[in-house]
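Asks: Numbering (our numbering), first residue to last: 1 to 277. Structure provided below as structure tokens; questions to follow.
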Amino acid sequence: MAEAQVSSVKTIGRAALVLRALAAGSADGSRLTDVAAATELGKATVHRLLGALAEVGFVDFDDQEKRYRLGYALFALGASARAFHVVDLARPSLVRLAAETGDTVYLSVRDGDEAICVDRCTGSFPIRTLTLDVGDRRPLGIGAGSLALLAFESEAEITRVIRTNAHARRDYAAFDDTTLHTLITQARAQGYAFNDGNIVSAMSAIGVPVIDDAGRVLAALSIAAIRERFAGKRLAELVALLQEEARELSTALTHAALGPDEPGARTRRTRIREDVA
1 MAEAQVSSVK
11 TIGRAALVLR
21 ALAAGSADGS
31 RLTDVAAATE
41 LGKATVHRLL
51 GALAEVGFVD
61 FDDQEKRYRL
71 GYALFALGAS
81 ARAFHVVDLA
91 RPSLVRLAAE
101 TGDTVYLSVR
111 DGDEAICVDR
121 CTGSFPIRTL
131 TLDVGDRRPL
141 GIGAGSLALL
151 AFESEAEITR
161 VIRTNAHARR
171 DYAAFDDTTL
181 HTLITQARAQ
191 GYAFNDGNIV
201 SAMSAIGVPV
211 IDDAGRVLAA
221 LSIAAIRERF
231 AGKRLAELVA
241 LLQEEARELS
251 TALTHAALGP
261 DEPGARTRRT
271 RIREDVA
């Protein structure tokens, strides 16, 4: 191999080390010294690599906090590949949720500053809530699943997305900056996102994030139905089921495999009340 080729391969390898260090680092970002220590590369080399990666959008730099984090150009590449993987692993969860609740269940992933619906499963309840088709996109924060994807990011990232998406949200009058901040605060406090008729007045939805062991948001599961279907104790029961499936999906994604779902292997802590109009 020619000397130039060897040098290029070495650079790519070092860039991969830097990206892995950022991925394993704090959700709030890593300082130059942190990346250098994690990769065992010199600070000058790391600084040069980070600069090159930032130029193509694979790394973001917060000039105020002097921290680096993975950029959304890289995230978009990952999302394209992950979407196929997530759909396969999440499908059993969607089927179980739709069968047990009777409602429409959605799977969403983040793609840049948008949420994309990558799968949907309808239940048996005669009034169906089909507000999203597979492939539909919305600005992050618009809708229960999209809100769940955003609300559990870092404060700095939430602020950035709200600012960046201000123009994209112009078609969603109910989601101004103040309202969105309030919905995010509520979601973080209660552990789930609630869209109470903010898009379609008679329809509501709840969403929960799928979070890995490092605290990164991988996807979101959501249930949509007519507003009456979220009344009373049923809301808490739906949230519990969503959170249970989100935990299982997180484990499946983390280990890149979903174990066999044998009859009787799963024990439900919550049963859903179907005596709702």
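Glycine is no exception: its CB is placed at the ideal position from the N, C-alpha and C atoms.
1) The alpha helix (DSSP H) spanning Gly-145 covers which residue range?
2) Report the CB separation of Ala-281 from Lys-43 in whole angstroms; it is logged as a contact under 8 Å.
3) Go ahead and label Ser-108 buried or exposed: buried means 16 or more other beta carbons lie within 10 angstroms of its beta carbon, across all protein chains shown.
4) Restricting to Cα atoms, I'd like to know which of Val-56, Ala-16 and Ala-225 is closest to Ile-127.
5) Under a three-way DSSP split, which group does Asp-119 fall into?
6) Determine the direct distance from the alpha carbon of Val-56 to that of Pro-278, and round the result to whole angstroms.
7) Helix, strand or coil for Leu-53? Go by DSSP, reduced to three states.
8) Going by the beta-carbon positions, is the gap between Gly-29 and Arg-91 smaller than 8 Å?
9) Would you please verify whether the beta carbon of Val-200 is less than 8 Å from any beta carbon of chain B?
10) Out of Ile-12, Ala-73 and Asp-212, which has the shortest C-alpha to C-alpha gap to Val-46?
11) If you draw a straight line from the alpha carbon of Asn-195 to that of Arg-67, how long is it in whole angstroms?
12) Here's the rule I'm using: 16 or more other beta-carbon atoms within 10 Å means buried, otherwise exposed. How should Gly-232 be labelled?
13) So, is Ala-24 buried or exposed, given that buried needs 16 or more other C-beta atoms within 10 angstroms?
14) Keeping to the same chain, check which residues put their C-beta closer than 7 Å to that of Arg-138; ignore five residues upstream and five downstream.
15) Is the beta carbon of Val-118 less than 8 Å from the beta carbon of Val-87?
Replies: Reading it off the structure:
1) 144-151
2) In the structure as shown, the chain starts at 1 and stops at 277, and residue 281 therefore has no counterpart that could be examined.
3) buried
4) Ala-225
5) strand
6) No answer is possible for residue 278: the residues shown for the chain start at 1 and end at 277.
7) helix
8) no
9) Judged by its chain identifiers, the structure shown contains no chain B, having just a single protein chain.
10) Ile-12
11) 33 Å
12) exposed
13) exposed
14) Glu-114, Ala-115 and Ser-146
15) yes
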